[in-house]
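First comes the structure, then the notes that go with it.
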Amino acid sequence: MNHLYFEYNDVDRRFFEERLEPWLPEYIFDAHRHVQLPEHLDDAEAPFARGAFPDGIAGPESVEMARLGYEIMFPGRNVEMLAFGSPQSNCDCVANNAYVSDEFAGTGSVGLALVRPDWEPQVLLRELRRPAIIGVKPYERLIPGFEGGDASIFDLMPHFQLEILDELGAWLTLHLPRKERLADRENVLEIAELRARYPRVVLVIAHLGRTYAGRYAREGFPALAEDPGILFDNSAVLNPAVQALSLDRFGPERIMWASDHPIFYMRGRRRWEGDRYINLTSGDYAWNTDRQPPQVEATYALSLYEQMAACIDTIFALGYGEAEIEAVFRTNARTKIAEVLARKEAW
Ligand SMILES: [Zn+2]
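Its first residue numbered 0, the sequence shown is counted upward by one per residue in numbering that gives the first Met the number 0.
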């Protein structure tokens, strides 16, 4: 059966067999991905869009399609996920949250609620009390009237909402704002403030703090290394040097593998130049201007495979082994989720 957003080919098959199949555990857990139905987006309202990556790679992906994608990409593996809606500015967050909850209740997967910073406490509480919802995924695009530019963490995740998350011991996957990402001093100070004031929140910094290029990791990681309570997902990070720095600075016990699908159904590789990453892809996207000769593009595998191989290769290159792969690809997330689910009984 085919998937709407990618076609699996022989290059993928070979890549999987050579680079992933020998080491990928039987049970894996994707700690950050998006699920949504088309009707969760309001077509009458144009979403905030940048016209750059990842525009055009994929539209909304249902839970059913997500599971089909895993089946095609990871034969013989059992994949569960921590998923949430896609935080477009025109998203009906409540409907998307209800969908995630309905799909995951009674399964091995769990969800986060999209949350708007202007939601009253009782709205946030109602969303958190939905079955299988363990926390929130705020996002700068959900700030009313957001037009780009630098926002504070507390603009997208206000203190009165953090107080509720802290009281419940809920999960927060945080996509860092600001152009300088983890290299931004304000972001680092705000993360420290968040940890000090809301220590019961399970804080997961998405995309290793958006450190897709090396300097953000070099400058940002040391400040977060000393606090073992700060966790990370490594979704969208294809850079092996950044993966290595994260494993070395934080330790494999603080990192969770994640896909950020559906945007990584893209096919190709990344190159890094200074603070930029360049997506080398064969996809017919409006922003795809770095084209390579057809014989080169024909060798591109799924970008998600490149990300996973970067993670696995780095684990071995640093002298770690299968235990750390198991931790990163499954048990770190599972353990933390079990803790939150136990608390959720009292929510
Ligand atoms: Zn994401």
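Glycine included, each C-beta is placed from N, C-alpha and C at the ideal position.
DSSP on V203, reduced to helix/strand/coil?
The three-state reading of DSSP puts V203 in strand, counting E and B together.
Using a 10 Å radius around the Cβ and a threshold of 16 neighbouring Cβ atoms, would you call V295 buried or exposed?
V295 comes out exposed.
Curious, which full-length beta strand (DSSP E) runs of at least 3 residues does the stretch 149-227 contain?
List check, beta strand (DSSP E) in window: 170-173 and 201-204.
Verify the contact flag: D259, CB atom, against every heavy atom of ligand 1, threshold strictly below 7 angstroms.
yes
Closest by CA to P37, which one among E60, A43 and A30?
E60
Identity of the residues DSSP links to G90 by a beta bridge:
It is Cys, not Gly, that sits at residue 90 in the sequence shown. In DSSP, C90 forms a bridge with L40.
Is the beta carbon of H2 within less than 7 angstroms of some heavy atom of ligand 1?
no
Label T298 either buried or exposed according to how many other C-beta atoms from any shown protein chain fall within 10 Å of its C-beta, with 16 as the threshold for buried.
exposed
Is the stretch 262-278 touching the stretch 45-57, taking contact as three or more C-beta pairs under 8 angstroms?
In the pairwise beta carbon analysis, the stretch 262-278 is classified as touching the stretch 45-57: at least three pairs are separated by under 8 angstroms.
Looking at ligand 1, does it come within less than 7 angstroms of H31, judged from the CB to the closest heavy atom?
yes
What are the boundary residues of the alpha helix (DSSP H) that includes D11?
D9 to F14
Going by the DSSP bridge assignment, what does Y26 pair with across the sheet?
N77
Runs of 3 residues minimum, wholly inside the stretch 236-312: which ones carry the beta strand (DSSP E) assignment?
267-272 and 275-280
Alpha-carbon spacing of Y98 relative to G144, whole angstroms:
Straight-line measurement puts the Cα of G144 at about 25 angstroms from the Cα of Y98.
Applying the 10 Å Cβ sphere with the 16-neighbour rule, what's the burial state of N278?
buried
Using a Cβ-Cβ cutoff of less than 6 angstroms, which residues in the same chain neighbour I204 once the five nearest sequence positions on both sides are dropped?
L173 and F231
With H, G and I counted as helix, E and B as strand and the rest as coil, what does DSSP make of A97?
Annotated three-state conformation of A97 is helix, per DSSP.
Can you find at least 3 beta carbon pairs, one from the stretch 78-86 and one from the stretch 102-118, that sit closer than 8 angstroms?
yes
Pairwise C-alpha distance: L19 and P293
25 angstroms
Three-state secondary structure (DSSP) at L123?
helix
Give me the Cα-Cα distance between Q121 and V10, rounded to the nearest whole angstrom.
For Q121 and V10, the distance between alpha carbons rounds to 50 angstroms.
Is it true that the CB of R140 sits closer than 8 angstroms to the CB of S88?
yes
Does the beta-carbon of K343 have 16 or more other beta-carbons within 10 angstroms, so that it is buried, or is it exposed?
buried
Between which two residues does the beta strand (DSSP E) carrying L111 extend?
V109 to L113
For D336, report the span of its alpha helix (DSSP H) as first-last.
Just to set this straight, residue 336 is Ile in the shown sequence, not Asp. That run of the alpha helix (DSSP H) goes N331 to K343.
Expected contact under 8 angstroms - CB spacing of G147 and A182 to nearest Å:
Incorrect: roughly 19 angstroms between the Cβ atoms, too far for contact.
Buried or exposed (CB count within 10 angstroms, at least 16 for buried), L340
Exposed is the call here.
Alpha carbon to alpha carbon, how far is L40 from I255? Give it in angstroms, no decimals.
It is Met, not Ile, that sits at residue 255 in the sequence shown. Their Cα atoms are separated by approximately 29 angstroms.
Host beta strand (DSSP E) of V62 (start-end)
Run containing V62: none in the beta strand (DSSP E); it sits in the alpha helix (DSSP H), V62 to M72.
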